[in-house]
Amino acid sequence: GKELVARAIHRTGPRRAGPFVSENCAAISPSLLDGELFGHIRGAFTGAICERSGLIESSHGGILFLDEIGEMGLDLQSKLLRVLEEREIRRIGCNRQRKVDFRLVAATNKDLEQETRERRFRDDLRYRIEVLRIEVPPLRKRREDIPLLSQRFLRSFCRPTGRKTPSFSPDALTILITSQWKGNVRELRNEMERLAASGKERILGEDLSPSLTKNGLPHPIARRLRAELGTDLKKLEEVVLGGIVREVLSETEGNKARAARILGIPKTTLYRRMARWGVSI
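According to the numbering used here, the sequence shown holds residues 60 to 340 in order.
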């Protein structure tokens, strides 16, 4: 989800002709991350057998996306802040400064204000990167995106092999929409990759991972929709998601504020979805 947003910023922004470079700060050790970002010269450390540019240099003219920047160590935060302020970079082991021009897009699941108070994140770096803040809700709070995201991922995995993108049965789509998706878009993407590898032309509910059916929403609508509704995704979205909203409003006796809290969305979002799916009370 976060990287999709970052790629959309790149694709639609003034730097779209430049590169898009990404790194997950939580997936690599601090010492390796330093070399990945800043590059190094030959002999800078054991194993540095050749000179290498870092990801910051590679993103020149484009966008550098750093996921989970809250996991970055304080020393590396200081180096990154200096690059952002001076627009220059020095490879590890080298004295020469190199000019860089890139846009930084950063993402985190942590509360950086809290991290700053506890001295785990530099406040000056936080101020620097929070020029424009975008909140990306978890997938379970934007279920209307699930059908289109699922189709998009399936297409991307089937295209290299020339296979036709499989379709979803209403049963399978109902399970996808009502699952909790604790791993967010990454979990959905992995599920679609697994389904694409199966080679099936039509995906049924029984083809999905068992964990998805165990963690679905506990509303009766999820059980009632195990009948064929056709293959119109917009109609299925209206029936499934509109049905969930109707069920919750029924449970709360029409109290929209309580319904919004149960669904985990702002009240204004609930109003928009009611209008979109023709839900009235």
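A virtual CB, placed ideally from N, CA and C, is assigned to each residue, including glycine.
As the structure is a prediction and not an experimental result, all values here were calculated from the model.
For residue 161, the three-state secondary structure derived from DSSP is coil. Using a Cβ distance threshold of 9 Å, residue 225 and residue 254 count as a contacting pair. Taken atom to atom, the span from the alpha-carbon of residue 174 to that of residue 184 is near 12 Å. The C-beta distance from residue 143 to residue 187 rounds to 6 Å, short enough to fall under 8 Å.
Within its own chain, the residues whose Cβ lies closer than 6 Å to the Cβ of residue 80, once the five positions on either side in sequence are excluded, are 114, 117, 118, 123, listed in chain order. In the three-state reduction of the DSSP assignment, residue 340 falls in the coil class. For residue 246, there is no enclosing beta strand (DSSP E); the enclosing alpha helix (DSSP H) covers residues 243-257.
DSSP lists 80, 163 as the bridge partner or partners of residue 123. When the five nearest sequence neighbours on each side are left out, the beta carbons in the same chain lying within less than 7 Å of the beta carbon of residue 132 are those of 89, in order along the chain. Closest in alpha carbon position to residue 161, among 176, 75, 153, 257, is 75. With 16 or more other Cβ atoms from the protein chains shown falling within 10 Å of its own Cβ, residue 150 counts as buried. For the pair residue 334 and residue 301, the Cα-to-Cα distance works out to about 10 Å. Per DSSP, the unbroken alpha helix (DSSP H) holding residue 61 starts and ends at 61-71. In the three-state reduction of the DSSP assignment, residue 270 falls in the helix class. Apart from the 5 residues on each side of it in sequence, residue 269 has no Cβ closer than 8 Å to any other Cβ in its chain.
Counting only residues of its own chain and dropping the five nearest sequence neighbours on each side, residue 325 has a CB closer than 7 Å to the CB of 319.
By the Cβ neighbour-count rule, residue 247 is buried, with 16 or more other Cβ atoms within 10 Å of its own. A straight-line Cα-Cα distance of about 25 Å links residue 256 and residue 66. In the three-state DSSP reduction, residue 261 falls in the strand class (E or B). Proximity of the stretch 205-215 to the stretch 163-170 falls short of the contact definition, fewer than three beta-carbon pairs being nearer than 8 Å.
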